[in-house]
Amino acid sequence: MGKVLIVGSGKVANVTARKCCEQPEIFGEMCLTARTKNRCDDLKRELSDSRTKVISAAVDVTNPDKTLLTVKIFKPDLVINLAPPHLNLKVMDICLQARANYIDASYYYPKGSTACGLKEQLSYSGRFEKAGLTAVVGCGFNPGVIGIFIEYARQKLFDRILSVDIIDANAGKNGYPYRMNSPIGKNIRELSSPARYYEAGEWKSAEPLEREYAYSFPEVGRSEMYLLDHESLEHLVAVTQAERLRCFGSFKKPFLTMIRNLQCAGMTSAEPICIGGVKISPLAFLEEVFPSPQDLASETTGKTGIGCIISGEKDGKARNCMLYSVADHEKTYTDLMSSANDFMVGVPVTVAAEMILSGTVSAKGVHTAEIFDPESFLTRMSDAGLSWKEKAKPSIIAD
Numbered sequence: 021m022g023k024v025l026i027v028g029s030g031k032v033a034n035v036t037a038r039k040c041c042e043q044p045e046i047f048g049e050m051c052l053t054a055r056t057k058n059r060c061d062d063l064k065r066e067l068s069d070s071r072t073k074v075i076s077a078a079v080d081v082t083n084p085d086k087t088l089l090t091v092k093i094f095k096p097d098l099v100i101n102l103a104p105p106h107l108n109l110k111v112m113d114i115c116l117q118a119r120a121n122y123i124d125a126s127y128y129y130p131k132g133s134t135a136c137g138l139k140e141q142l143s144y145s146g147r148f149e150k151a152g153l154t155a156v157v158g159c160g161f162n163p164g165v166i167g168i169f170i171e172y173a174r175q176k177l178f179d180r181i182l183s184v185d186i187i188d189a190n191a192g193k194n195g196y197p198y199r200m201n202s203p204i205g206k207n208i209r210e211l212s213s214p215a216r217y218y219e220a221g222e223w224k225s226a227e228p229l230e231r232e233y234a235y236s237f238p239e240v241g242r243s244e245m246y247l248l249d250h251e252s253l254e255h256l257v258a259v260t261q262a263e264r265l266r267c268f269g270s271f272k273k274p275f276l277t278m279i280r281n282l283q284c285a286g287m288t289s290a291e292p293i294c295i296g297g298v299k300i301s302p303l304a305f306l307e308e309v310f311p312s313p314q315d316l317a318s319e320t321t322g323k324t325g326i327g328c329i330i331s332g333e334k335d336g337k338a339r340n341c342m343l344y345s346v347a348d349h350e351k352t353y354t355d356l357m358s359s360a361n362d363f364m365v366g367v368p369v370t371v372a373a374e375m376i377l378s379g380t381v382s383a384k385g386v387h388t389a390e391i392f393d394p395e396s397f398l399t400r401m402s403d404a405g406l407s408w409k410e411k412a413k414p415s416i417i418a419d
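Using this note's numbering, the first residue of the sequence shown is number 21, and each one after it goes up by one.
Listed below in structure tokens is the structure:
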């Protein structure tokens, strides 16, 4: 049985902790940590019937010395970092000092920045390898499962992949037209940045929200999709060696209007400004003051779906298919007090943790989610309650 320490007390941490406790033979002991210990205590009480031994502790990752002391006292085999992504490097440093394996759900972003810092995380690989430790970064759904879908397609379905379109269709309704079920900083990064995509061997871009498409996602329904930049794109170009790679997401019209107004007011900038002697970017300020999406879980209805349309060749013939997952907001809240969005991140994180603790993945160093055997990962993901499907000849997003 393994010992796991979870950093963070948000809704993804809630899902992850609950799913880990369903496998006490793998997750024998668990330490829930966050700056706000009472939230960890509440979850600990809710998990009191589990055969997994659960304790809680207060940690502030921005105080690395005290956090390191807590980690060393508990002596985890694995740290699951579900804190905001700007803290990823700090938690990785703590894991190296405490000799613990590491996973997180999203790539590193400097606080208030729109620039993905995956390269900074991968630069730790030599240090983790030298310490005999495994770190896997970006183990959520996108990044995470999307890369595993593509790797599954590369191994099982195609001789050559020519194009990949990633589609995130969130049809959840929460009664608040100006609020989404995902972090405001992530949304602003995607919507205020030029919409980068890869085509014909080079990076191209369109203006933010310039390209709009109607698409009917299986089981979710019709949504207006927008071409977006996304943190996973640059890495996936190397993984797929595809000629074209794009990402699309759906957003409420009133929410988009709000984002445009914030842009006009200069509130989406990642450039720090000085206020009363303190430097902070407008984007970082919004991330601090905007209501948390986790507060909407109990009021959200509808479904969310994420998948990828893959086109290529098999046995000399053209082929295309769609690999995707769908989750229902009401069901996930009933089962786990979670939104579908958080469920679709927490389950893959739990599967990744299970595969590391069970020794299924033993490669040392820092890796992305494609290190996992795709068939084994997707089977375990389905067993954990997040199913996936393959659709032949799906609708294609027109150029």
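Think of the CB as a built atom: it goes at the ideal place given N, C-alpha and C, for glycine as much as any other residue.
Taking residue i as the reference, which of the options has the closest Cα?
i: residue 269; options: 179, 234 and 254; result: 234
i: residue 370; options: 30, 28, 43 and 304; result: 43
i: residue 190; options: 389, 397, 349 and 414; result: 349
i: residue 85; options: 329, 267 and 118; result: 118
i: residue 72; options: 32, 25 and 114; result: 25
i: residue 412; options: 341, 34 and 357; result: 341
i: residue 288; options: 295, 294 and 280; result: 280
i: residue 405; options: 415, 346, 382 and 391; result: 346
i: residue 133; options: 344, 276 and 209; result: 209
i: residue 32; options: 387, 295, 143 and 357; result: 357
i: residue 327; options: 373, 273, 146 and 266; result: 266
i: residue 136; options: 120, 249 and 367; result: 249
i: residue 112; options: 144, 376 and 131; result: 144
i: residue 244; options: 271, 262 and 263; result: 271
i: residue 253; options: 273, 296, 184 and 242; result: 184
i: residue 377; options: 344, 58 and 100; result: 100
i: residue 330; options: 170, 159 and 83; result: 170
i: residue 343; options: 297, 188 and 277; result: 188
Checking 8 angstroms against the spacing of the C-beta atoms, do residue i and residue j come in under that value?
i: residue 205; j: residue 109; result: no
i: residue 247; j: residue 220; result: no
i: residue 324; j: residue 240; result: yes
i: residue 156; j: residue 186; result: no
i: residue 22; j: residue 46; result: yes
i: residue 161; j: residue 364; result: yes
i: residue 163; j: residue 251; result: yes
i: residue 55; j: residue 78; result: yes
i: residue 53; j: residue 255; result: no
i: residue 147; j: residue 116; result: yes
i: residue 97; j: residue 125; result: no
i: residue 332; j: residue 180; result: yes
i: residue 261; j: residue 394; result: no
i: residue 64; j: residue 366; result: no
i: residue 127; j: residue 141; result: yes
i: residue 76; j: residue 57; result: yes
Can you look up residue i in the DSSP assignment and give me helix, strand or coil?
i: residue 164; result: strand
i: residue 272; result: coil
i: residue 88; result: helix
i: residue 380; result: coil
i: residue 193; result: strand
i: residue 366; result: helix
i: residue 159; result: coil
i: residue 78; result: strand
i: residue 29; result: coil
i: residue 176; result: helix
i: residue 72; result: coil
i: residue 346; result: strand
i: residue 136; result: coil
i: residue 169; result: helix
i: residue 52; result: strand
i: residue 391; result: helix
i: residue 334; result: strand
i: residue 354; result: helix
i: residue 97; result: coil
i: residue 24; result: strand
Just to check my reading of the structure: residue i and residue j have Cβ atoms closer than 8 angstroms, yes? What is that Cβ distance to the nearest angstrom?
i: residue 167; j: residue 259; result: 6 angstroms
i: residue 153; j: residue 384; result: 6 angstroms
i: residue 13; j: residue 402; result: In the structure displayed, the chain extends from 21 to 419; residue 13 sits before or after that span and is not available.
i: residue 223; j: residue 216; result: 6 angstroms
i: residue 1; j: residue 91; result: Here the chain comprises residues numbered 21 to 419, so residue 1 is not present and cannot be evaluated.
i: residue 301; j: residue 308; result: That pair is no contact at about 11 angstroms.
i: residue 228; j: residue 202; result: With 8 angstroms as the limit, residue 228 and residue 202 do not qualify as a contact, their Cβ atoms being about 17 angstroms apart.
i: residue 414; j: residue 165; result: Incorrect: roughly 17 angstroms between the Cβ atoms, too far for contact.
Considering only residues of the same chain and omitting the five flanking positions on each side of residue i, which have a CB-CB separation below 7 angstroms?
i: residue 398; result: 168, 172 and 408
i: residue 177; result: 334 and 341
i: residue 322; result: 191, 192, 193 and 349
i: residue 391; result: 156, 381 and 383
i: residue 283; result: 212
i: residue 87; result: 79, 80, 81 and 114
Taking 6 angstroms as the limit between beta carbons, can you name the residues of its chain near residue i, skipping five residues before and five after?
i: residue 149; result: 384 and 385
i: residue 67; result: 41 and 74
i: residue 304; result: 131 and 132
i: residue 236; result: 242
Which same chain residues end up closer than 8 angstroms to residue i when comparing Cβ atoms and leaving out the 5 residues on each side of it in sequence?
i: residue 286; result: 302
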